[in-house]
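Below is one structure; the comments refer to it alone.
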Amino acid sequence: MSFALDQRSAPPADGRRPAPPRRRTRLLALPEARWALASLVLFLLALPIHLLDGPDWLWGALFAATYATGGWEPGWQGLKALRGRTLDVDLLMVVAALGAAAIGQVLDGALLIVIFATSGALEAVATARTADSVRGLLDLAPTTATRLTPGGGEETVNTEDLAVGDMILVRPGERVGADGQVVDGAGDVDQATITGEPLPVAKQIGDEVFAGTVNGTGALRVRVERDPSDSVIARIVKMVEEASETKAPTQLFVEKIEQRYSIGMVIATLAVFGIPLAFGDTLDAALLRAMTFMIVASPCAVVLSTMPPLLSAIATAGRRGVLAKSAVVMERLGQIDTVALDKTGTLTEGTPYVTDVHPLPGSGLDGPALLTLAASAEHPSEHPLARAIVAAARDRGLRPSGAVDFTSTPGHGVTATVDGHTVTVGAPDRLLPDAPHTPHRAAVAALEDAGRTAVTVLSDGTPVGVLGVADRLRPDAAATVAALTRLTGRTPVLLTGDNERAAAHLAAEVGITEVRARLLPQDKAAAVREWEARGRTVLVVGDGINDAPALAAAHCGIAMGRAGSDLALETADAVVVRDDLSAIPSVVQLSRAARRLVVQNLVIAGTFIAALVAWDLVGTLPLPLGVAGHEGSTVIVGLNGLRLLREAAWPRLAEDTA
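In this text, residue positions in the sequence shown follow the working numbering: the first is 58, and each later residue adds one.
Structure (structure tokens):
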């Protein structure tokens, strides 16, 4: 009689996949961060002195230092852009800040400077961290390898010195030094870093292996088939770097009109100053009118129209365990119309567990006895399947017996003596390759048709049962797929390095209709570029190193944070820290709500600017009233944008798929 296991097997202590060591650029090693910090500190020192009517010379000096430390770099970059006949919003903000200071609004100008300096520092940090993670990926590939000499000897060489045709020896536990083909030996190779497959793959003569993957058991002799500079790992690094460099720098909506607005504002300010002066107005009156015009027409409210809604959305998403790395990311998320999902570690939890236990008729065993027998034989093994079987027995309160004479055969399984019986646990096709159609074969076929990995248990050479092992589907996977389908109008696509049968079975469970299986990292990135060439805006969700090129190439990438590789976490635009898959459609909805608020704010800011500018041009707008109107519009759009900070924003948006 068979039974299914409902209890979750405990993950292994070392269940997280190997990841490249962190190579972190220190925050204060970046000049942008140092200048932004200095500007912020000076501003915070000056603010209370100014508000408490302290000595003018003191707060004046501190504010001047704030302007200098926070504004010199964007100002210098803006001047260089101006030399190239480009007027950017950074220079305009510096000029507006200086203009505000010139007419006594020193605090407003300093605040504007601090905001821009901090924004530039955050962008520099994000760029540096991505570069760090790409460099760290190279540590996955070993620096040395054991090369076999023609005379049968061995020598340790740098992997970069390997050439196509060289023979290398890969011992158990070692990383493969180069892409190549197995010419002798057998072993179980963990290649999750490349393909994302949750279980080690049995490698025998003629099979391909990749640099950086880990040989579990059994020695392998490998003939180098690719130059180390062209290995899969090296190509992943290159693809991530190229995608990061060639990906068009997306801008916030307000920045898309900055050139026209900036040029128009400068021309208009000069006209407001020059035309009245030419018609006999006094210098002081013309200058006052021009300065008032520049203040009321400055894009401060327009800039704040964009940032508060997006920053509020970032904060709300952060409380729910989704970290968006910038306001640009939060804006992008609402634009997606196609979603590509990884399988292992994204739709599934990435840890194998025992799903089914099938004692065979005539074996004399029931389910618990069969599981105990298998766990007893597997207990000394470090294979992920063995750990899953032992954990399943432990979770059901079963006590495995002691095993002696334990042996492990790569690609086949393990053998041990348990209570006087020779017990073998392993792959059905390897243990009984020529078995006729029997209850054993029927049980194996049923499990494999259901997308499980079948494991045969032999006692004294006779099959006594079959175990089914699978990667656990996340409980919210199907609901997430349905929500993303409603949001985008298209069913998400499954991109995986796993085999077709397992991928198709999982896709059917969650409602995905398009599956692309057995993909290498470059294949996933190519699929993303193919969709984008058709005009689609693609969101990729993944967790592994093999997902990094696709995450970098996509319009927006989200990494699952708990088990995600360092490279995926750094390359992605957002991270789901708590591994809550259902948070993905919610954050997309949140982004769309933020974009709607941005549009509302732009209308409000534009209305205020138009009214104040018209007043200044047609009549005589008093400077204090102009400043009050300008600041009032800034406060209104700021408060409107902060609405997304409410706790109710996330649940309401999670239910609204409009």
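We treat Cβ as the ideally placed atom computed from N, Cα and C, and that holds for glycine.
Cα-Cα separation between L530 and L638, rounded to whole angstroms = 11 angstroms
task = Kindly indicate which residue of A574, A121, L108 and A125 has the alpha-carbon position closest to the one of R91.
result = A125
key: Alpha-carbon spacing of L219 relative to V281, whole angstroms   = 8 angstroms
inquiry  = So, under 8 angstroms CB-CB, T175 and A122 are touching, yes? Tell me the CB distance rounded to an integer number of Å.
reply    = Not a contact, Cβ separation roughly 16 angstroms.
inquiry  = Please identify the residue among N697, D423, G689 and W672 whose C-alpha is closest to the C-alpha of A347.
reply    = W672
request  = Ignoring anything shorter than 4 residues or poking outside the region 612 to 670, list the alpha helix (DSSP H) runs there in chain order.
outcome  = 623 to 628
message = Can you give me the C-alpha to C-alpha distance between G720 and L148, rounded to a whole angstrom?
response = This structure does not reach residue 720, given that the chain is present from 58 up to 715, and the question cannot be answered.
key: Cβ-Cβ distance between D528 and E439 below 8 angstroms   = no
ask   = Can you tell me the Cα-Cα spacing of L544 and V521, whole angstroms?
value = 49 angstroms
key: Identity of the residues DSSP links to M224 by a beta bridge   = L205 and R280
request  = Please report how far the alpha carbon of L674 lies from the alpha carbon of T339, in whole angstroms.
outcome  = 16 angstroms
inquiry  = On the DSSP bridge list, what partners appear for S465?
reply    = V471
inquiry  = Using 8 angstroms as the cut-off, can you tell me whether the region 595 to 608 makes contact with the region 627 to 642, which would need three or more C-beta pairs spanning the two stretches below that distance?
reply    = yes
ask   = If you drop the 5 nearest sequence neighbours on each side, which residues of the same chain put their C-beta closer than 7 angstroms to that of S96?
value = T123, T126, G127, I170, V171 and A174
query = Three-state secondary structure (DSSP) at N556?
reply = coil
request  = Could you check what DSSP says for L87 in three-state terms: helix, strand or coil?
outcome  = coil
inquiry  = Assuming contact is defined by CB atoms lying nearer than 8 angstroms, are T373 and L701 in contact in what I supplied?
reply    = yes
query = What residue does the alpha helix (DSSP H) around L259 start on, and which one ends it?
reply = It is worth fixing the name first, because residue 259 is Ala in this sequence and not Leu. Premise fails: A259 lies in the beta strand (DSSP E), V258 to K260, not in any alpha helix (DSSP H).
task = Provide the residue(s) that pair with G599 in DSSP beta bridges, ordered along the chain.
result = A616
query = For V514, which residues of its own chain have a beta-carbon under 6 angstroms away from its beta-carbon, when the five flanking residues on both sides are left out?
reply = A431, V482, V521 and G522
request  = Give me the Cα-Cα distance between V414 and D423, rounded to the nearest whole angstrom.
outcome  = 9 angstroms
query = Is the region 375 to 395 close to the region 498 to 516, with three or more CB pairs under 8 angstroms?
reply = no
query = By a C-beta neighbour count over all protein chains shown, 10 Å radius and 16 as the cutoff for buried, is P549 buried or exposed?
reply = buried
ask   = Does the pairing of the region 201 to 221 with the region 229 to 236 give three or more beta-carbon distances under 8 angstroms?
value = yes
For R547 and D452, believed in contact at Cβ under 8 angstroms, the rounded distance = At roughly 39 angstroms, the Cβ-Cβ gap does not stay under 8 angstroms, so D452 and R547 are not in contact.
request  = Quick one: using the 10 Å Cβ neighbour count with 16 as the cut-off for buried, is I332 buried or exposed?
outcome  = exposed
task = Thinking T429 and P457 are a contact (beta carbons under 8 angstroms), I'd like their distance in whole angstroms, please.
result = 6 angstroms
request  = Less than 8 angstroms between the CB atoms is what I'm expecting for M224 and R278, so what's the real figure, rounded?
outcome  = 6 angstroms
query = Taking just the CA atoms, how far does L334 sit from D341?
reply = 10 angstroms
key: CB-CB length for A370 against Y410, believed under 8 angstroms   = Not really, about 36 angstroms apart at Cβ, beyond 8 angstroms.
ask   = Taking the DSSP output, what are the residues bridged to H497?
value = In DSSP, H497 forms no bridge with anything.
ask   = How about S433 and T274: are their beta carbons less than 8 angstroms apart?
value = no
key: Exposure of T519, with buried meaning 16 or more beta-carbon neighbours within 10 Å   = exposed
query = With V323 and L659 assumed to form a contact (beta carbons below 8 angstroms), what rounded beta-carbon distance in angstroms separates them?
reply = That belief does not hold up - the Cβ atoms of V323 and L659 are roughly 21 angstroms apart, past 8 angstroms.
query = In terms of DSSP beta bridges, what is R573 paired with?
reply = L552
ask   = The beta strand (DSSP E) with V585 in it runs from where to where?
value = No beta strand (DSSP E) contains V585, which is instead part of the alpha helix (DSSP H) from P578 to A590.
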